[in-house]
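Worksheet for the structure shown next.
Chains as they are written, first to last, in my numbering: chain Y, 210 to 366; chain B, 210 to 366; chain L, 210 to 366.
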């Protein structure tokens, strides 16, 4: 892992940072609201969605939408409400004017009639591009906590 | 539920967005700090506070304050510390210059001498108005997760 | 506790507020990534880090770094991944142009191969100063929920 401190000089400005926070807020509300196709529209047409717990990446908006539609339907059928929280967003400008974000994402779930709990803790790394006054995700890597060595262990090796 | 994507063109600007994030931060700190009356001052005089798990809305700042005072005292007497987290805030400008927000809200609690846990996951929808250089809540609807059909199920029907 | 409402007139502007949110995002990513020394670089040389559950404050960047290095190594050895979330940040300008923040901080943890959970809920109060185009922490007080009287109880006395 590259130290976040090394990238302070490339931090995006306040306007872009606030746009990205709003973008992620809409993004998770679409997902948790069951709008898998509109959620996938927030990726570029050739976007790539990688999860470290899956055998291979989803490539392209159509594949990303189809995969998430199955997930959303399965969750809905189970009667559980899931809420994704993206936070602790660090956003750096890359040389080609795209933006790389590194963030945490938590998933909370509440069963019908039951109590809320933490379901999952992850980290995310996106490359975002600006097209037609919108942000779009060109690539995303999600890594589930508990599936790799703790970061602290890695940092010392 | 209306798709959040349909409202991108009405998103508030960065200045307003940051103001609203700060407003909510103060709002939850007042509440969790036991300042029920000052928390209620963040509603308009005729503000309406609706929770889907309550038989009817609280109407007017005085009723909102009185209801929350009872809640705050009950929690304090139990020795539990509660922390409200508002997040994933989407904020759209309405035609009359008020702002509609849709957000998630989590409540964490820690018993005296005990371990923290998630108590509740909800969604909120506010209408905020600007008066005398402050934001005020004209109306709020809070919906508890687990008390309605999962959003994904609703989106498909 | 001073009511947060009394300080609205001293709120920092949007530019500073967004900088501080980004600063905290980098801060927690450094910590959870195991970069204890670079994390400590975000304190001033003479910074003071106080936790209400520790017998005395850590004084100075070197002591802060050494203390956190021990903590980070211990966590890494246990195989647990921790994630700190700072949120609900209220930021006020002090007369000397430093900034006082009051915020909530949660810690989530995930054991290797296990499920995520809430580990800790706290509140923080920092004094931040601007040096050479960076924010630095001059002092921090962290108070663990569950170790003091609930705030509501205190507010009424």
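A virtual CB, placed ideally from N, CA and C, is assigned to each residue, including glycine.
Confirm, please, whether the CB-CB distance from residue 358 of chain L to residue 325 of chain B is below 9 Å.
no
Less than 9 Å between CB atoms is the rule here; does residue 332 of chain B satisfy it with respect to chain D?
The chain inventory of the structure shown lacks chain D, comprising the protein chains Y, B and L.
Contacts that residue 351 of chain B makes with chain L (C-beta to C-beta distance below 9 Å):
Residues of chain L passing the Cβ test: none, with the nearest at roughly 17 Å.
Alpha carbon of residue 336 of chain Y to alpha carbon of residue 307 of chain Y, nearest angstrom
If I take the Cα positions, the gap works out to 7 Å.
Using the Cβ count rule (16 or more neighbours within 10 Å means buried), how would you classify residue 254 of chain L?
exposed
Is the beta carbon of residue 319 of chain Y sitting closer than 9 Å to the one on residue 261 of chain Y?
no
How big is the Cα-Cα spacing for residue 364 of chain L and residue 242 of chain B?
In this prediction, residue 364 of chain L has a pLDDT of 42, which is less than 50 and means its spatial position is unreliable; nothing more can be read from the coordinates.
Could you tell me which of L:291, L:237, L:274 sits nearest to residue 323 of chain L, measuring between CA atoms?
L:291
Proximal chain L residues relative to residue 294 of chain B, where beta-carbon distance stays under 9 Å:
294, 296, 297, 313, 315
So within the stretch 211-258 of chain L, which uninterrupted alpha helix (DSSP H) runs reach at least 4 residues, ignoring any that extend past its ends?
223-241, 245-249
Where residue 298 of chain L and residue 313 of chain L are concerned, what is the direct C-alpha to C-alpha distance, given to the nearest angstrom?
C-alpha separation (whole angstroms): 7 Å.
For residue 326 of chain Y, go through chain B and note every residue whose CB falls closer than 7 Å to its CB, in chain order.
Near residue 326 of chain Y (Cβ distances below 7 Å), the residues of chain B are 327.
Proximity of residue 228 of chain Y and residue 251 of chain Y at Cβ, strictly below 9 Å
no
Do we get a CB-CB distance below 9 Å when we pair residue 220 of chain Y with the residues of chain B?
no
Mind checking if residue 224 of chain B is an interface residue toward chain L, Cβ cutoff 9 Å exclusive?
yes
Bounding residues of the alpha helix (DSSP H) (the contiguous stretch that carries residue 282 of chain L):
DSSP places residue 282 of chain L in the uninterrupted alpha helix (DSSP H) bounded by 270-287.
DSSP state of residue 264 of chain B, grouped into three classes?
coil
Could you work out which residue in Y:348, Y:352, Y:342 is closest to residue 225 of chain Y when comparing CA atoms only?
Residue nearest to residue 225 of chain Y within the set Y:348, Y:352, Y:342 is Y:342 (criterion: CA-CA distance).
Please list the partners that residue 321 of chain B has in chain L, where partner means a Cβ-to-Cβ separation under 7 Å.
355
Does chain Y have any CB closer than 9 Å to the CB of residue 211 of chain L?
With a pLDDT of 49 at residue 211 of chain L, under the threshold of 50, the modelled position of that residue is not reliable, and the figure given next carries that caveat. Residue 211 of chain L does not count as touching chain Y.
Given that residue 227 of chain L touches chain B, what residues does it touch there, using C-beta distances under 7 Å?
227
Mind checking residue 238 of chain B: buried by the 16 CB within 10 Å criterion, or exposed?
buried
If residue 240 of chain L sits next to residue 293 of chain L, beta carbons under 8 Å apart, how far is it from one beta carbon to the other, in whole angstroms?
6 Å
DSSP state of residue 357 of chain Y, grouped into three classes?
coil
Contact set between residue 340 of chain B and chain L, taken where Cβ atoms lie within less than 7 Å
Result: empty, since nearest Cβ-Cβ is about 13 Å, beyond 7 Å.
To the nearest angstrom, how far is it from the Cα of residue 331 of chain L to the Cα of residue 267 of chain B?
In this structure, the straight-line span from the alpha carbon of residue 331 of chain L to that of residue 267 of chain B is close to 31 Å.
Alpha carbon to alpha carbon, what distance is there between residue 305 of chain L and residue 265 of chain Y?
Rounded to the nearest whole angstrom, the C-alpha separation of residue 265 of chain Y and residue 305 of chain L is 54 Å.
Leaving aside the five residues before and after residue 233 of chain Y along the sequence, list all residues of the same chain whose C-beta is less than 6 Å from its C-beta, in chain order.
295
Looking only at C-alpha atoms, which of Y:338, Y:281, Y:321 sits nearest to residue 309 of chain Y?
Y:338
Taking only three categories from DSSP, how would you classify residue 322 of chain L?
coil
Are the C-beta atoms of residue 290 of chain Y and some chain B residue less than 9 Å apart?
yes
Against residue 234 of chain Y, what residues of chain B qualify as contacts under a CB-to-CB distance less than 7 Å, listed in chain order?
297, 298, 299
Specify the secondary structure class of residue 335 of chain Y as computed by DSSP and reduced to three states.
strand
For residue 237 of chain L, which residues in chain Y fall below 7 Å Cβ to Cβ?
For residue 237 of chain L, the residues of chain Y that pass the 7 Å Cβ criterion are 297, in the order they occur in the chain.
Determine the direct distance from the alpha carbon of residue 329 of chain Y to that of residue 315 of chain Y, and round the result to whole angstroms.
6 Å
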